[in-house]
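Inspection log for the structure reproduced underneath, given as structure tokens.
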Amino acid sequence: RKEVEQDPGPFNVPEGATVAFNCTYSNSASQSFFWYRQDCRKEPKLLMSVYSSGNEDGRFTAQLNRASQYISLLIRDSKLSDSATYLCVVNRAGSYQLTFGKGTKLSVIP
Amino acid sequence: NAGVTQTPKFRVLKTGQSMTLLCAQDMNHEYMYWYRQDPGMGLRLIHYSVGEGTTAKGEVPDGYNVSRLKKQNFLLGLESAAPSQTSVYFCASTHWRLDENEQFFGPGTRLTVL
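Now the structure itself:
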């Protein structure tokens, strides 16, 4: 089983739609969780960290379920500018390394 | 602040040639990383450094060497390039603190090995 797994998509959604991305991780020792965003032919950039209690940043909501080893990202009221690949990222306790999922591609259509 | 910069942006090599990719950061970060990104494979860690003068292997280190002689620079070397090393290479850096562990990435180097 891969350490971080994501649905590759692509997700094609109309403007204004709500879309949810899921991610599972295999190592129960994982302690830090993130969503990064990568635009086409650009570098990844941090979108948001994911906290145990769940957290929200504007239209974006991240959830963590440690028991199920599951992370989610919800995007409400999708904009054309949300079109990108979303990377689920995990860090193991005691490690200075991040493990990246392969990413889920989102296309928001006018 | 320039953040993380990478040199060169593009390069074409022939099999067997060598080259060095340079990563520089001006954020005084202790930790630096080299990743490669291939279609369908995601980002994979090649080597990393937790401070000046230190290096460690990541997930896919074979065929690469690194050096961190100065805190702000992290060099990735290919001694004898192979077509399998055709990829996009990203450098990243971070403080790695509990409240400040975002990795900042450079713009990438697109390498083609013929």
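These protein sequence lines are chains A and B, in that order.
Take 1 as the starting number for the first sequence in my numbering and just add one per residue.
Take 111 as the starting number for the second sequence in my numbering and just add one per residue.
Glycine is no exception: its CB is placed at the ideal position from the N, C-alpha and C atoms.
Query: Span of the beta strand (DSSP E) holding Gly-152 of chain B?; Result: 152 to 159
Query: Give the residues of chain B in contact with Ser-32 of chain A, contact being defined as C-beta atoms less than 8 Å apart.; Result: Asn-211
Query: Taking the alpha-carbon positions, what's the Ala-29 of chain A to Glu-15 of chain A distance?; Result: 38 Å
Query: Could you name the residues of the same chain whose beta carbon sits closer than 7 Å to that of Arg-59 of chain A, not counting the 5 residues immediately before and after it, in chain order?; Result: Ile-75, Arg-76 and Asp-77
Query: When the Cα atoms are used, what is the spatial distance from Gly-9 of chain A to Thr-222 of chain B?; Result: 27 Å
Query: So, helix, strand or coil for Asp-82 of chain A, using DSSP?; Result: helix
Query: Out of curiosity, what's the CA-to-CA distance linking Cys-201 of chain B and Tyr-25 of chain A?; Result: 24 Å
Query: Which class does Pro-193 of chain B belong to by DSSP, given the choice of helix, strand or coil?; Result: helix
Query: Short of 8 Å in beta carbon distance, which residues of its chain neighbour Thr-164 of chain B, apart from the five on each side in sequence? Order them along the chain.; Result: Arg-178
Query: Grouping DSSP H, G and I as helix and E and B as strand, with all else coil, what is Gly-187 of chain B?; Result: strand
Query: Tell me where the beta strand (DSSP E) around Ala-134 of chain B begins and ends.; Result: 129 to 135
Query: Can you grab the Cα-Cα spacing for the pair Ile-90 of chain B / Lys-124 of chain B, in whole Å?; Result: Given that chain B is displayed from residue 111 to residue 224, the structure contains no residue 90 of chain B and the question cannot be resolved.
Query: Less than 7 Å between C-beta atoms, sequence neighbours within five positions excluded: which residues of the same chain meet that for Ala-108 of chain B?; Result: In the structure as shown, chain B starts at 111 and stops at 224, and residue 108 of chain B therefore has no counterpart that could be examined.
Query: Please name the residue or residues paired with Val-170 of chain B in a DSSP beta bridge.; Result: Its beta-bridge partners do not exist; DSSP assigns none.
Query: State the start and end residues of the unbroken beta strand (DSSP E) segment that holds Ser-32 of chain A.; Result: 30 to 38
Query: So, at 7 Å on beta carbons, what are the nonlocal neighbours of Pro-118 of chain B in its own chain, with the 5 sequence-adjacent residues on each side left out?; Result: Thr-219
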